[in-house]
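Worksheet: the structure to be examined is printed underneath.
2 protein chains.
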Amino acid sequence: MGNTHSVGIVEVGPRDGLQNEPELLDTSTKVEYIDRLIRAGARRIEAVSFVHPKRVPQMADAEAVMAAVPRPAGVSYIGLVLNRRGLDRAFAAGVDEVNYVVIATETFSLRNQGMGVEASLDAWHDIAAAARAAGIRVSLTVSAAFGCPFEGEVPADRVLEIVRSALATPADEIALADTIGVGVPHQVRDLAARVAEAAPGVPLRMHFHNTRNTGYANALAAVESGVRTLDASAGGIGGCPFAPAATGNIATEDLLYTLHRSGMRTGLDLEATAATGTWICERLGKTQPPAMLGRAGGFPAGAR
Amino acid sequence: MGNTHSVGIVEVGPRDGLQNEPELLDTSTKVEYIDRLIRAGARRIEAVSFVHPKRVPQMADAEAVMAAVPRPAGVSYIGLVLNRRGLDRAFAAGVDEVNYVVIATETFSLRNQGMGVEASLDAWHDIAAAARAAGIRVSLTVSAAFGCPFEGEVPADRVLEIVRSALATPADEIALADTIGVGVPHQVRDLAARVAEAAPGVPLRMHFHNTRNTGYANALAAVESGVRTLDASAGGIGGCPFAPAATGNIATEDLLYTLHRSGMRTGLDLEATAATGTWICERLGKTQPPAMLGRAGGFPAGAR
């Protein structure tokens, strides 16, 4: 086996997965999805976002979801926030962590966040300080870190500049997101090494979409480069409603297959996660789930 | 960029891709598929197999396909053969290379080839010597080299034993196939290194299926481990009719995306290959092609 270390998984299906699905699920189905994920071993779950319901209708019931989810010990709920209003809602809803997004390119930031990168970084400092004062973990995600639908190439130096600028206010974790699924492993290795150097001691997380079938190679390159946490969504559902041609997150069950077969531990159960992925895809009316493990099954047992 | 070397692609869509498709295509469509692949830059094409038409009905017109394909300079056609009868048909049909398959496990070999591994190796010696005497390149593919649907784990030592035994008669190329799509990159690296040591100077090719979303990571691991040739099928069509739950080969266009973005050269055109993949999937009635590049498009140009 190549590695024997542990990899943390942030299950983002309830947030990034669902938010791009056209069919609105009711609150109880979302809560059941989260409950099934926890029973499959998920311990960090990006459960909701606190954004304007007109922009992301699927997240309009964020408070109701958070009020109804189970609260076993050791499970941490993350809420995505984009501004101070969202942060206040996240506090009130009782999340354990908040995740704030800065988009690496000006054009994409203006279109998606309604403000440029500098303004977005200003808001980060305010939000990170407030979260810290409230005793809540706060992570920063740099989106479009591997390429932008509008500007094309995103220089690694640009990503590093944003990370350095943001860390004037400490983050509990830095994440780099391949929002539109264009990255390849050498970018992952390069960025992982350079961010680790620029932000020593800050845990690094990565977030991949499988839009061009690079997501799983990128995920493995990340953990082989020292990244200890990966985002994934059970079923491989999801995308970004504001990114052209974006498709789903890497599927948690398919990621588990590669990691477990590579000798790494995640704490998640492959079969229960695959069953949950199949279940949510059925609920969403997907005839061909992006996740493949549910159809293919795990490594053959070899009973002759 | 991580690498700047050249990677050879064997386009296997016309053989491995089509043979598992339930819809039988007519000869002229197969020839058009091959012609489009050549115009997209393909130079080695596994065009047909010479097996019993009752076992693989899609390949019943192998002679007619070979009689009709274009023959531009520099294009090499490979025919898959499993026995001496197939080899004689391949000679008569005018292929440039033959590819013979030994399955790494006894159970799978008995079920698929109708003979055990030893008998299959005996046939290899006969076929390789005859091909060599006829001046035709001959390659050996070891199938199920990364795992078996019936026996489970396939020890690397077993694969090496087969390679060493086979090479009593020289091969122009050795290929390792992950026939059921269960392999992960550390297996690829391990086998690549060990086969290179056991068979110094013999070019190594690898063949991956994306059944569990590991195919592209495996392909990249292979080229990073010194493997210079990869099999892929435009559109990501294909599978193995005798392997439970096997799905398509890695898609040529999606492989090109990763390789080209990683700084490697292939000689193939990404857009023309993706268009060919989309075209063949439409011909086969696939509403959702396994290949993703045709839907997602390449790396964004970034015209602001």
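Chains as they are written, first to last, in the UniProt record's numbering: chain X, 1 to 304; chain P, 1 to 304. Beta carbons: idealized from backbone N, C-alpha and C, even for Gly.
Quick check: is the beta carbon of asparagine 213 of chain X nearer than 8 Å to any beta carbon in chain P?
The count along the first sequence starts at 1 and reaches residue 213 of chain X at position 213. Interface residue, yes.
Residues bridged to glutamate 224 of chain X by DSSP?
Walking along the first sequence from the start, residue 224 of chain X turns up at place 224. None; glutamate 224 of chain X has no bridge partner.
Isoleucine 30 of chain P burial status per 10 Å Cβ neighbour count (16 or more: buried)
As a position in the second sequence, residue 30 of chain P is number 30, starting the count at 1. It is lysine, not isoleucine, that sits at residue 30 of chain P in the sequence shown. Buried, by the Cβ-count rule.
Could you check where the beta strand (DSSP E) with phenylalanine 208 of chain X kicks off and where it finishes?
Reading the first sequence from its first residue, position 208 is the one you call residue 208 of chain X. Phenylalanine 208 of chain X -> beta strand (DSSP E) spans 204-208.
So, are the CB atoms of alanine 177 of chain P and serine 139 of chain P less than 8 Å apart?
Along the second sequence, read from residue 1 onward, the residue named residue 177 of chain P stands at position 177. Along the second sequence, read from residue 1 onward, the residue named residue 139 of chain P stands at position 139. Going by C-beta atoms, alanine 177 of chain P is not nearer than 8 Å to serine 139 of chain P.
DSSP three-state label for leucine 160 of chain P, please.
Numbered from 1 along the second sequence, position 160 holds the residue referred to as residue 160 of chain P. Note: leucine 160 of chain P maps to helix in three-state DSSP.
So which of X/Arg158, X/Asp172, X/Ile103 and X/Thr105 has the shortest CA-CA distance to isoleucine 136 of chain X?
Start at 1 with the first residue of the first sequence, and residue 136 of chain X comes out as number 136. Nearest of X/Arg158, X/Asp172, X/Ile103 and X/Thr105 to isoleucine 136 of chain X, Cα basis: X/Asp172.
Beta-ladder partner(s) of tyrosine 77 of chain X, from DSSP
In the first sequence, counting from the first residue as 1, residue 77 of chain X sits at position 77. BP columns for tyrosine 77 of chain X point to X/Ile45.
Taking DSSP as the reference, what is the three-state secondary structure of asparagine 99 of chain P?
Against the second sequence, residue 99 of chain P aligns to sequence position 99. Looking at asparagine 99 of chain P - three-state DSSP - the assignment turns out to be strand.
Distance between phenylalanine 299 of chain P and alanine 144 of chain X (C-alpha atoms, nearest Å):
As a first step, residue 144 of chain X must be located in the first sequence, where it is residue number 144. As a first step, residue 299 of chain P must be located in the second sequence, where it is residue number 299. One C-alpha to the other measures close to 13 Å.
With DSSP as the reference, please indicate the residues paired to glycine 8 of chain P in a beta bridge.
Counting from 1 along the second sequence, the entry for residue 8 of chain P is found at position 8. According to DSSP, glycine 8 of chain P bridges with P/Thr229.
I'd like to know if the segment 222-241 of chain X and the segment 278-287 of chain X are in contact, where contact means that at least 3 CB-CB pairs between them fall below 8 Å.
yes
Residue ranges of each alpha helix (DSSP H) within the segment 80-143 of chain X, 4 or longer
84-93, 106-113 and 117-133
By DSSP, does isoleucine 280 of chain P sit in helix, in strand, or in coil?
Your numbering for residue 280 of chain P matches position 280 in the second sequence. The answer is helix: DSSP assigns isoleucine 280 of chain P an H, G or I state.
State the Cα-Cα distance for the pair leucine 230 of chain X and alanine 219 of chain X, rounded to the nearest angstrom.
Numbered from 1 along the first sequence, position 230 holds the residue referred to as residue 230 of chain X. Numbered from 1 along the first sequence, position 219 holds the residue referred to as residue 219 of chain X. Distance between the alpha carbons of leucine 230 of chain X and alanine 219 of chain X: 7 Å.
Cβ-Cβ distance between alanine 274 of chain P and leucine 259 of chain P below 8 Å
Position 274 of the second sequence, counting from 1, holds the residue named residue 274 of chain P. Position 259 of the second sequence, counting from 1, holds the residue named residue 259 of chain P. The answer is no: Cβ separation not under 8 Å.
So valine 182 of chain P packs on glycine 215 of chain P, CB below 8 Å; how close in whole Å?
Start at 1 with the first residue of the second sequence, and residue 182 of chain P comes out as number 182. Start at 1 with the first residue of the second sequence, and residue 215 of chain P comes out as number 215. Wrong, their Cβ atoms sit about 11 Å apart, outside the cutoff.
Do you know offhand how far proline 14 of chain X's Cα is from leucine 37 of chain X's?
Position 14 of the first sequence, counting from 1, holds the residue named residue 14 of chain X. Position 37 of the first sequence, counting from 1, holds the residue named residue 37 of chain X. Looking at the two C-alpha atoms, the distance is approximately 10 Å.
Kindly indicate which three-state DSSP category isoleucine 34 of chain X falls into: helix, strand or coil?
Residue 34 of chain X sits at position 34 when you count from the first residue of the first sequence. In this structure, isoleucine 34 of chain X counts as helix in the three-state DSSP scheme.
Alpha carbon of alanine 251 of chain P to alpha carbon of glutamine 58 of chain P, nearest angstrom:
Translated into the one-based positions of the second sequence, residue 251 of chain P becomes position 251. Translated into the one-based positions of the second sequence, residue 58 of chain P becomes position 58. Using only the alpha carbons, I get a separation of about 20 Å.
Which residues in chain P have a C-beta closer than 7 Å to the C-beta of alanine 232 of chain X? List them in chain order.
As a first step, residue 232 of chain X must be located in the first sequence, where it is residue number 232. Those do not exist, as alanine 232 of chain X stays about 11 Å from chain P at its closest Cβ, beyond 7 Å.
Let me know the secondary structure DSSP gives glycine 294 of chain P once reduced to three states.
Locating residue 294 of chain P in the second sequence gives position 294, counting from the first residue. In the structure shown, glycine 294 of chain P sits in a helix (DSSP, three-state: H, G or I).
Test: glycine 294 of chain P CB closer than 8 Å to a CB of chain X
Against the second sequence, residue 294 of chain P aligns to sequence position 294. No, glycine 294 of chain P does not count as interfacial toward chain X.
Quick check on DSSP: helix, strand or coil for glutamate 197 of chain X?
By one-based count along the first sequence, residue 197 of chain X stands at place 197. Reduced to three states, the DSSP call for glutamate 197 of chain X is helix.
Which class does proline 63 of chain X belong to by DSSP, given the choice of helix, strand or coil?
Numbered from 1 along the first sequence, position 63 holds the residue referred to as residue 63 of chain X. This sequence places glutamate at residue 63 of chain X; proline is not what is there. DSSP places glutamate 63 of chain X in helix when its eight states are reduced to three.
Tell me which same chain residues have a C-beta within less than 6 Å of the C-beta of valine 223 of chain X, skipping the five on either side of it?
Counting from 1 along the first sequence, the entry for residue 223 of chain X is found at position 223. Answer for valine 223 of chain X: Val7, listed in chain order.
Is there at least one Cβ from chain P nearer than 8 Å to cysteine 281 of chain X's Cβ?
By 1-based counting over the first sequence, the position of residue 281 of chain X is 281. Taking Cβ atoms only, chain P never reaches closer than 8 Å to cysteine 281 of chain X, which makes this a no.
Should threonine 266 of chain X be labelled buried (16 or more other beta-carbon atoms within 10 Å of its own) or exposed?
The sequence position of residue 266 of chain X within the first sequence is 266, counting from 1. Result: buried.
I'd like to confirm the pairing. Which residues does DSSP put opposite arginine 55 of chain P in its beta bridges?
Position 55 of the second sequence, counting from 1, holds the residue named residue 55 of chain P. Bridge partners of arginine 55 of chain P: none, in fact.
Tell me whether glutamate 173 of chain X sits in a helix, a strand or coil according to DSSP, three-state version.
Locating residue 173 of chain X in the first sequence gives position 173, where the first residue counts as 1. Three-state result, glutamate 173 of chain X: strand.
How many angstroms separate the CA atom of arginine 44 of chain P from the CA atom of isoleucine 180 of chain X?
Walking along the second sequence from the start, residue 44 of chain P turns up at place 44. Walking along the first sequence from the start, residue 180 of chain X turns up at place 180. Approximately 33 Å between the Cα atoms of the pair.
What three-state label does DSSP hand glycine 302 of chain X in the structure shown?
Here residue 302 of chain X is taken as the residue at index 302 of the first sequence, counted from 1. Three-state DSSP puts glycine 302 of chain X in coil, outside helix and strand.
N-terminal and C-terminal residue of the alpha helix (DSSP H) that arginine 212 of chain P is part of:
Along the second sequence, one-based indexing puts residue 212 of chain P at 212. Neither: arginine 212 of chain P is in no alpha helix (DSSP H) and is coded neither H nor E.
Residue range of the alpha helix (DSSP H) that includes threonine 252 of chain X:
Position 252 of the first sequence, counted from the first residue, corresponds to residue 252 of chain X. Counting along the chain, the alpha helix (DSSP H) containing threonine 252 of chain X begins and ends at 252-261.
Simplified DSSP state of alanine 243 of chain X, which is helix, strand or coil:
For this step, residue 243 of chain X is matched to residue 243 along the first sequence. Confidence in alanine 243 of chain X is poor, its pLDDT being 47 and thus under 50, which makes the residue's placement unreliable; the coordinate value appears in the next sentence. If DSSP states are grouped into helix, strand and coil, alanine 243 of chain X belongs with coil.
Does any residue of chain P bring its CB to less than 8 Å from the CB of serine 143 of chain X?
Translated into positions along the first sequence, residue 143 of chain X becomes position 143. So, not an interface residue.
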